[in-house]
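Numbered as in our numbering, the sequence shown ends at 1256 without a single skipped number.
The beta carbon of each residue, even a glycine, is placed where N, CA and C say it ideally should be.
Structure record follows, encoded as C-alpha coordinates.
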Amino acid sequence: MFGNKDQLTKLEEAITELQGQVRALARNTNKAHNRIDQANLRTANIEHYTGMRSHSFEKGGRMWDYMQIHKDIASGTRPKSLFVTKHRMAQAA
(Lines of atoms letter the chains of each structure in order from A and count residues from 1; the text may use other names and numbers.)
(Lines give C-alpha, C1' and ligand atoms only; values in the text may rest on other atoms or scores of the structure.)
Protein backbone atom coordinates (compact mmCIF):
# COMPACT_ATOMS: atom_id res chain seq x y z
CA MET A 1 0.00 0.00 0.00
CA PHE A 2 0.94 3.62 -0.42
CA GLY A 3 1.69 5.82 2.57
CA ASN A 4 2.76 4.93 6.03
CA LYS A 5 0.68 3.48 8.84
CA ASP A 6 0.01 6.89 10.47
CA GLN A 7 -1.40 8.32 7.24
CA LEU A 8 -3.63 5.28 6.76
CA THR A 9 -4.87 5.55 10.34
CA LYS A 10 -5.68 9.25 9.87
CA LEU A 11 -7.53 8.49 6.65
CA GLU A 12 -9.54 5.72 8.30
CA GLU A 13 -10.44 8.03 11.20
CA ALA A 14 -11.50 10.76 8.78
CA ILE A 15 -13.60 8.28 6.81
CA THR A 16 -15.23 7.00 9.99
CA GLU A 17 -16.00 10.56 11.11
CA LEU A 18 -17.48 11.45 7.72
CA GLN A 19 -19.61 8.29 7.73
CA GLY A 20 -20.94 9.31 11.14
CA GLN A 21 -21.78 12.77 9.82
CA VAL A 22 -23.58 11.26 6.82
CA ARG A 23 -25.61 8.99 9.12
CA ALA A 24 -26.49 11.94 11.38
CA LEU A 25 -27.52 14.00 8.35
CA ALA A 26 -29.71 11.14 7.10
CA ARG A 27 -31.37 10.89 10.53
CA ASN A 28 -31.99 14.64 10.64
CA THR A 29 -33.37 14.59 7.10
CA ASN A 30 -35.77 11.78 7.99
CA LYS A 31 -36.89 13.66 11.10
CA ALA A 32 -37.47 16.81 9.03
CA HIS A 33 -39.53 14.88 6.48
CA ASN A 34 -41.58 13.34 9.28
CA ARG A 35 -42.23 16.81 10.72
CA ILE A 36 -43.30 18.05 7.27
CA ASP A 37 -45.64 15.08 6.86
CA GLN A 38 -47.10 15.70 10.33
CA ALA A 39 -47.65 19.39 9.54
CA ASN A 40 -49.36 18.48 6.25
CA LEU A 41 -51.60 16.01 8.05
CA ARG A 42 -52.51 18.56 10.71
CA THR A 43 -53.26 21.15 8.03
CA ALA A 44 -55.46 18.66 6.19
CA ASN A 45 -57.32 17.85 9.41
CA ILE A 46 -57.85 21.54 10.18
CA GLU A 47 -59.05 22.19 6.63
CA HIS A 48 -61.43 19.27 6.85
CA TYR A 49 -62.73 20.36 10.26
CA THR A 50 -63.31 23.96 9.20
CA GLY A 51 -65.00 22.93 5.97
CA MET A 52 -62.26 24.10 3.66
CA ARG A 53 -62.09 20.71 1.94
CA SER A 54 -65.78 19.91 1.82
CA HIS A 55 -66.70 21.94 -1.26
CA SER A 56 -66.25 21.35 -4.93
CA PHE A 57 -65.42 24.50 -6.86
CA GLU A 58 -66.26 25.44 -10.40
CA LYS A 59 -63.39 25.09 -12.84
CA GLY A 60 -60.90 27.86 -12.28
CA GLY A 61 -62.69 29.05 -9.16
CA ARG A 62 -60.65 30.24 -6.21
CA MET A 63 -61.22 28.78 -2.80
CA TRP A 64 -59.65 31.56 -0.73
CA ASP A 65 -59.04 35.26 -0.86
CA TYR A 66 -55.51 35.34 0.56
CA MET A 67 -55.64 38.86 2.01
CA GLN A 68 -59.09 38.29 3.50
CA ILE A 69 -57.74 35.30 5.41
CA HIS A 70 -55.12 37.52 7.02
CA LYS A 71 -57.73 40.17 7.86
CA ASP A 72 -59.99 37.54 9.43
CA ILE A 73 -57.16 36.07 11.49
CA ALA A 74 -56.02 39.53 12.62
CA SER A 75 -59.54 40.40 13.74
CA GLY A 76 -59.89 37.08 15.54
CA THR A 77 -62.65 35.68 13.35
CA ARG A 78 -62.71 32.37 11.52
CA PRO A 79 -61.54 32.66 7.90
CA LYS A 80 -64.31 32.04 5.37
CA SER A 81 -63.82 30.57 1.93
CA LEU A 82 -65.04 32.44 -1.16
CA PHE A 83 -67.45 29.55 -1.78
CA VAL A 84 -69.08 29.96 1.65
CA THR A 85 -69.30 33.74 1.25
CA LYS A 86 -70.84 33.42 -2.22
CA HIS A 87 -73.27 30.75 -1.01
CA ARG A 88 -74.39 32.84 2.00
CA MET A 89 -74.87 35.94 -0.15
CA ALA A 90 -76.97 33.93 -2.61
CA GLN A 91 -79.13 32.61 0.22
CA ALA A 92 -79.57 36.08 1.71
CA ALA A 93 -80.80 37.51 -1.60
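Query                                                 : Result
C-alpha gap between K1158 and Q1254, whole angstroms  : Past the edges of the chain, shown from 1164 to 1256, lies residue 1158, and the structure says nothing about it.
Beta carbon of T1213 nearer than 9 Å to that of R1241 : yes
C-beta contact flag for G1183 and L1174 at 9 Å        : no
Pairwise C-alpha distance: L1188 and A1177            : 16 Å
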